[in-house]
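A.B. asks:
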Amino acid sequence: MFKTVKKFMPDHQQKQLKKYERITEDVNAREEGLQTLTDDELKEKSHDLRYRVQEGASIEDVTAEAFALVREAAHRVLACALLTYNFSEHCH
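Taking this note's numbering, the leading residue of the sequence shown gets 1128, the next gets one more, and so forth.
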């Protein structure tokens, strides 16, 4: 379906979409590695990321890692909330 939609998009939008697709693939590739970390290790990764940006890393260099960290943290918080309120759903 995306290929059909892309045919009607101007070239500059297709280029931007490709950039987002690469970032999404990078975020997804990091998922398994982040799932194995403890909450404290996840916090440490977040602090390391913040430090790298403060030391001059570009936003483009850390975007995928930042999104992956946020997504993993959200999964954990939402899973905890669901368990706390005894919902039968689980976040994965």
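For glycine and all other residues, C-beta sits at the position ideal for the given N, C-alpha and C. Bear in mind the structure is a predicted one, so any value in this text is a computation, not a measurement.
1) For the putative contact between Ala1195 and Arg1157, defined by C-beta atoms under 8 Å, what is the C-beta separation to the nearest angstrom?
2) Are there three or more Cβ pairs, one per stretch, closer than 8 Å when the stretch 1136 to 1145 is compared with the stretch 1178 to 1187?
3) Which parts of the stretch 1137 to 1182 are runs of the alpha helix (DSSP H), unbroken and 4 residues or longer, counting only runs that do not cross its ends?
4) Return the Cβ separation of Leu1176 and Glu1199 in integer angstroms, given the expectation that the two are a contact with Cβ distance under 8 Å.
5) Excluding the 5 residues preceding and the 5 following Val1154 in the sequence, name in chain order all residues of the same chain whose CB lies nearer than 6 Å to its CB.
6) Report all residues from its chain with a CB closer than 8 Å to the CB of Val1189; omit the five preceding and five following residues, and keep chain order.
C.D. replies: With the given structure in hand:
1) Position 68 of the sequence shown, counting from 1, holds the residue named residue 1195. Position 30 of the sequence shown, counting from 1, holds the residue named residue 1157. About 4 Å separates the two Cβ atoms, so the contact holds.
2) Touching, no, given that fewer than three Cβ pairs across the two stretches are closer than 8 Å.
3) If we require 4 residues or more, the alpha helix (DSSP H) runs fully inside the stretch 1137 to 1182 come out as 1138 to 1162, 1166 to 1181.
4) Locating residue 1176 in the sequence shown gives position 49, where the first residue counts as 1. Locating residue 1199 in the sequence shown gives position 72, where the first residue counts as 1. About 12 Å separates the two Cβ atoms, so there is no contact after all.
5) Walking along the sequence shown from the start, residue 1154 turns up at place 27. Contacts found: Ala1191, Phe1194, Ala1195.
6) The residue labelled residue 1189 in the question sits at position 62 within the sequence shown. Cβ neighbours of Val1189 beyond the five flanking positions: Leu1176, Arg1179, Val1180.
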